[in-house]
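>
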Amino acid sequence: TAAPSPLAAWWTVAVLFAAYMVSFVDRVVIGLLVEPIKADLNLTDTDFALLQGMAFAILYTVLGLPFGWLADRYPRRWLITFGSAVWCTATAACGLASSFSHLLLARIGVGAGEAALPPSAVSLIADSFPPHRRTLAMSVYTAASSIGGRRRSATCRMLACGAICWRTARCSRR
């Protein structure tokens with residue numbers, strides 16, 4: 277198949293950039309809600325460290341390989357859509373969790389869903405650009421995590437104070 281037009285290729289990068297930034301913010305928003313979550317669910321520092329780190333990272337890391345294999349064989353936009361649906365559902369489940377085990381399972385789901393994005397996105401970008409343009413396109417896509425990191429505090433506070441505020445969390449804290 278022919279490569280998409282330059283406009284379509286850059287539109288693809290823009291959409292993937294936005295998805296990657298949302299996924300980055302989505303995985304780190306929990307860090308702004310440490311104290312309210314710990315108090316509400318009576319968690320220890322160790323419990324919370326597990327929720328923030330290993331619960332997310334294990335499946336995110338392990339599932340990257342199978343999603344890469346799938347991205348070579350199936351429509352990548354469907355893999356991204358599926359992964360996004362899983363991670364969004366799991367994020368909503370995080371807000372509804374009533375115990376450590378529920379929140380742990382939800383965080384595992386966030387990691388599993390988000391694992392679909394990077395291999396599918398990189399493959400889509402590679403197919404959308406000629407070799408001499410791929411480096412710039414990949415750089416723009418991967419900049420989403422850096423920009424998301426710099427903007428995470430403001431963005432996460434906005435999210436935390438809006439639709440996904442942790443039960444009775446005081447969002448006005450600095």
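When the letters of the sequence shown are read in order and numbered with our numbering, they come out as residues 277 to 450.
C-beta atoms are modelled at their ideal positions from N, C-alpha and C, and glycine is treated no differently.
As an exercise, report each continuous alpha helix (DSSP H) stretch of at least 4 residues that is fully enclosed by the segment 349 to 410, in chain order.
If we require 4 residues or more, the alpha helix (DSSP H) runs fully inside the segment 349 to 410 come out as 352 to 372, 376 to 390, 393 to 404.
> Among residues of its own chain, excluding the 5 on either side of Ile423, which ones have a beta-carbon nearer than 7 Å to its beta-carbon?
Only Met297 meet the Cβ criterion.
> Between Thr418, Ala391, Gly385, Ala333, which has its C-alpha nearest Ile401's C-alpha?
Ile401 has its Cα closest to that of Thr418, out of Thr418, Ala391, Gly385, Ala333.
> Which residues in the same chain have their Cβ closer than 7 Å to the Cβ of Leu355, if we skip the five residues on either side of it in sequence?
Result list for Leu355: Phe343, Leu346, Ala347, Ala392, Ser396, in chain order.
> Between the beta-carbon of Ala420 and the beta-carbon of Phe332, is there less than 8 Å?
Their beta carbons are not under 8 Å apart, which means Ala420 does not touch Phe332 by this criterion.
> Within 7 Å: the Cβ of Ala325 and any heavy atom of the ligand HEM?
Absence of the ligand HEM from the depicted structure is noted, as is the absence of any ligand whatsoever, leaving it without description.
> Within the same chain, show all residues whose beta-carbon is closer than 6 Å to that of Arg352, passing over the 5 residues directly before and after it, in chain order.
Answer for Arg352: Ser396, Ser399, Leu400, listed in chain order.
> I need the DSSP call for Thr288, collapsed to helix, strand or coil.
Thr288: helix per DSSP, three-state reduction.
> How far does the alpha helix (DSSP H) with Gly344 in it reach, from first residue to last?
Unbroken alpha helix (DSSP H) run through Gly344: 330 to 347.
> In whole angstroms, what separates the C-alpha of Ala278 from that of Lys314?
In a straight line, the C-alpha of Ala278 is about 52 Å away from that of Lys314.
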